[in-house]
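**Student:**
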Amino acid sequence: MSGISASEKVFGSRLEYQAASRIMARLALVSASINLLLALAKYSLGKLTGSLALTADALHSLADVVCSLTIWAGIRLANRRSRYFPYGLYKVENLAALLAAFFIFYAAYEIVKESLKIHTPNRLEHLPLAVVGVVIMAMVTFFFSRYEYRLARATGSPSLEADAKHTFSELLSSGVILLGLLGTLTPFKFTDKLAALFVALLILHLGWGILIDSIKVLLEASVDPKTISEVVSIIRAFPQVVSIKSLIGRRSGRFKLIEAEIVLDCQGLEEAHELVTEIEERIYHHFPDIDRVIIHFEPRPREEIVLAIAVDKEGKEILPHFGCAPAFLVLRIDCRNGGRIKEKRLVVNPHAAKEKQRGIKTAEFLASLGVNRLLVKAPPSPSGWLYALKALGIEPLFRPDFDLSDLKKALPC
Numbered sequence: 001m002s003g004i005s006a007s008e009k010v011f012g013s014r015l016e017y018q019a020a021s022r023i024m025a026r027l028a029l030v031s032a033s034i035n036l037l038l039a040l041a042k043y044s045l046g047k048l049t050g051s052l053a054l055t056a057d058a059l060h061s062l063a064d065v066v067c068s069l070t071i072w073a074g075i076r077l078a079n080r081r082s083r084y085f086p087y088g089l090y091k092v093e094n095l096a097a098l099l100a101a102f103f104i105f106y107a108a109y110e111i112v113k114e115s116l117k118i119h120t121p122n123r124l125e126h127l128p129l130a131v132v133g134v135v136i137m138a139m140v141t142f143f144f145s146r147y148e149y150r151l152a153r154a155t156g157s158p159s160l161e162a163d164a165k166h167t168f169s170e171l172l173s174s175g176v177i178l179l180g181l182l183g184t185l186t187p188f189k190f191t192d193k194l195a196a197l198f199v200a201l202l203i204l205h206l207g208w209g210i211l212i213d214s215i216k217v218l219l220e221a222s223v224d225p226k227t228i229s230e231v232v233s234i235i236r237a238f239p240q241v242v243s244i245k246s247l248i249g250r251r252s253g254r255f256k257l258i259e260a261e262i263v264l265d266c267q268g269l270e271e272a273h274e275l276v277t278e279i280e281e282r283i284y285h286h287f288p289d290i291d292r293v294i295i296h297f298e299p300r301p302r303e304e305i306v307l308a309i310a311v312d313k314e315g316k317e318i319l320p321h322f323g324c325a326p327a328f329l330v331l332r333i334d335c336r337n338g339g340r341i342k343e344k345r346l347v348v349n350p351h352a353a354k355e356k357q358r359g360i361k362t363a364e365f366l367a368s369l370g371v372n373r374l375l376v377k378a379p380p381s382p383s384g385w386l387y388a389l390k391a392l393g394i395e396p397l398f399r400p401d402f403d404l405s406d407l408k409k410a411l412p413c
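Take the sequence shown: its position 15, counting from 1, is numbered 15 in UniProt numbering, and each next residue is one higher.
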């Protein structure tokens, strides 16, 4: 199993994401301030003119204030870890959003209730002032959405871009309100209430999206299929990965957590660790909003192994070291269905009597025989031979208590 690792590439990517998060936090406060001013202006104008649509849109803007403050709180609190919350407070953002959704539903309910009172049409006053006010507020919304969109493109933040599009979509409600106000000049006196009803539906749609998204995160629903698919592609791009046994992901606040279980074809534990570290770094680099990647790995089960055992000339006794061993018992073992010896032969070591590079030459000789596992009673000395074995794809097995009679009981598959 491997955990979070650090590299320059990933570290740089994470720093860029943290910088983007700070920009998002500042922008969330700016957005909350602007929407609060718009909400106050719309509410005041609605009460002054008697327009239910403007009052409804004020609640719409107030809902946006709550959303912006939720984003800000999530960014500020997410990374605050403590003894009681070692993984941070990522879900505070979703908990606050869940409460905000119920507030939004209540506001929409009040608007719908007033809009359906058809028998009491509301009388509008100061209509020119209301029209001018709606136009000015629509312009403020338009220019802020354009600014937010440019900032989103500059930082490469998809959430900022989505928020910019949402802000721009509010121009639709402004247009409907304007039509509702102007419609009261005609014999149809209920156009303002119809406009209010339309805005209420927009608020309900906004609240429903917040509610569902928050519940999914709080219940640890899976991340989106696109992210899972792209992470799978990244992992499979490494040729040493034989298979992906499982890959799950969940969201916590704005962040994502990924856990994978993979099968690797590596020569030893050290190589496997290095490979998993590289896979994690690649995932972090492509997804800066992924906060944690945990990869469990296991070696590829071999269907067949070629095992060499350092023995004496007669092949009756296992020797403690392999470099000076006069012979090797070479076994071809079928590891399927509990293991079965397919071939057994005694091979003389041609390098046993050499004074220099005896261990390395012996390791190369074993590799030429197709050996991929070597059983000895003690680790090779010096340790350089151990690295030579691993470099040649031979996995050493140190079994100090192993005896040749044990081959009949359990094969080292």
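Where a beta carbon is used, it is the ideal one built from N, C-alpha and C, also for glycine.
Would you report the Cα separation of L375 and V263, rounded to the nearest angstrom?
**Tutor:** The straight-line gap from Cα to Cα measures roughly 24 Å.
**Student:** Helix, strand or coil: which one does DSSP assign to W208?
**Tutor:** Correct three-state label for W208: helix.
**Student:** Given this structure, state the Cα-to-Cα distance separating D289 from V223, to the nearest angstrom.
**Tutor:** Distance between the alpha carbons of D289 and V223: 12 Å.
**Student:** What whole-angstrom Cβ distance do I341 and F328 have, given they're in contact under 8 Å?
**Tutor:** About 15 Å; that fails the 8 Å criterion.
**Student:** Just how far apart, CA to CA, sit V135 and G249?
**Tutor:** If I take the Cα positions, the gap works out to 45 Å.
**Student:** Under the rule that 16 or more other beta-carbon atoms within 10 Å means buried, what is Y284, buried or exposed?
**Tutor:** Y284 is buried by the Cβ-count criterion.
**Student:** Cβ atoms of I305 and C335: under 8 Å apart, would you say?
**Tutor:** The answer is yes: Cβ separation under 8 Å.
**Student:** Can you pull the DSSP bridge partners for K256?
**Tutor:** Beta-bridge pairing links K256 to R251, I290.
**Student:** What does a CB cutoff of less than 8 Å around S214 pick up in its chain, not counting 5 residues either side in sequence?
**Tutor:** These residues qualify, in order along the chain: N94, L95, A97, L98, A101.
**Student:** With 16 other CB atoms within 10 Å as the buried threshold, where does T186 fall?
**Tutor:** Looking at its Cβ environment, which holds fewer than 16 other Cβ atoms inside 10 Å, T186 is exposed.
**Student:** Taking the beta strand (DSSP E) that A308 falls in, what are its first and last residues?
**Tutor:** It spans 304-311 - the beta strand (DSSP E) in which A308 sits, taken as one unbroken run.
**Student:** I318 and D403: beta carbons closer than 8 Å?
**Tutor:** Taking 8 Å as the Cβ cut-off, I318 and D403 qualify as a contacting pair.
**Student:** If you follow the alpha helix (DSSP H) that R373 is part of, which residue opens it and which one closes it?
**Tutor:** First-last for R373: 373-376, but that is the beta strand (DSSP E), not the alpha helix (DSSP H).
**Student:** If we count the other Cβ atoms within 10 Å of its Cβ and call it buried at 16 or more, is D192 buried or exposed?
**Tutor:** Buried is the call here.
**Student:** Going straight from the alpha carbon of L206 to that of H273, what length do you get?
**Tutor:** Each residue's Cα considered, the two are about 45 Å apart.
**Student:** Since A63 contacts I203 with CB under 8 Å, what's their CB separation in whole angstroms?
**Tutor:** Sure, about 6 Å apart at Cβ, within 8 Å.
**Student:** Tell me which same chain residues have a C-beta within less than 6 Å of the C-beta of S68, skipping the five on either side of it?
**Tutor:** Within the same chain, S68 has close Cβ partners A28, S31, A32.
**Student:** Would you mind stating whether L181 and A130 have Cβ atoms separated by less than 8 Å?
**Tutor:** Yes, these two residues count as a Cβ contact at 8 Å.
**Student:** In this structure, does DSSP put L411 in helix, strand or coil?
**Tutor:** Correct three-state label for L411: coil.
**Student:** For I333, write down the residues that DSSP places opposite it in a beta bridge.
**Tutor:** According to DSSP, which records beta bridges pairwise, I333 is partnered with I305, I341.
**Student:** Would you call M139 buried or exposed, if buried means 16 or more other Cβ atoms sit within 10 Å of its Cβ?
**Tutor:** Classification of M139: exposed, given that the 10 Å Cβ count is below 16.
**Student:** Whole angstroms are fine: how far does the CA of I333 sit from the CA of A410?
**Tutor:** Rounded to whole angstroms, A410 to I333 spans 11 Å at the Cα level.
**Student:** To the nearest angstrom, report how far apart L54 and V293 are at their CA atoms.
**Tutor:** When rounded, the distance between both Cα atoms is 47 Å.
**Student:** In the DSSP assignment, find the alpha helix (DSSP H) that holds L99 and state where it starts and stops.
**Tutor:** From DSSP, the alpha helix (DSSP H) with L99 extends over 92-115.
**Student:** Is F297 helix, strand or coil by DSSP?
**Tutor:** Of the three classes helix, strand and coil, the one that applies to F297 here is strand, per DSSP.
**Student:** Does the ligand COA have a heavy atom nearer than 7 Å to the CB of L99?
**Tutor:** Summarising the ligand content, the structure contains no ligands, and the ligand COA is consequently not present.
**Student:** I'd like to know whether the C-beta atoms of D320 and K390 end up nearer to each other than 8 Å.
**Tutor:** It should be pointed out that residue 320 corresponds to Pro in this sequence rather than to Asp. Not in contact: P320 and K390 (Cβ atoms no closer than 8 Å).
**Student:** What would DSSP say about S61, mapped onto helix, strand or coil?
**Tutor:** In the structure shown, S61 sits in a helix (DSSP, three-state: H, G or I).
**Student:** Going by the DSSP bridge assignment, what does P239 pair with across the sheet?
**Tutor:** DSSP, once it has assigned bridges, lists no residue as partnering P239.
**Student:** On the premise that K313 lies in contact with P326, defined as a C-beta separation below 8 Å, what is that separation, rounded to the nearest angstrom?
**Tutor:** Their Cβ separation, rounded to whole angstroms, is 5 Å, which keeps P326 and K313 in contact under 8 Å.
**Student:** Leaving aside the five residues before and after E298 along the sequence, list all residues of the same chain whose C-beta is less than 7 Å from its C-beta, in chain order.
**Tutor:** The residues are V263.
**Student:** Based on Cα-Cα distance, which residue from G50, G370, A25, A200 lies nearest to A73?
**Tutor:** Among G50, G370, A25, A200, the Cα nearest to that of A73 belongs to A25.
**Student:** L42 to A58, Cα distance in whole Å?
**Tutor:** Before going on, a small fix: residue 42 reads as Lys here, not Leu. Their Cα atoms are separated by approximately 5 Å.
**Student:** Could you give the DSSP three-state label for F402: helix, strand or coil?
**Tutor:** Here F402 sits in coil by DSSP.
**Student:** Classify S252: buried if its beta carbon has 16 or more other beta carbons within 10 angstroms, exposed otherwise.
**Tutor:** By the 10 Å Cβ count, S252 comes out buried.
**Student:** I need the straight-line Cα distance from E230 to V347, nearest angstrom please.
**Tutor:** Using only the alpha carbons, I get a separation of about 50 Å.
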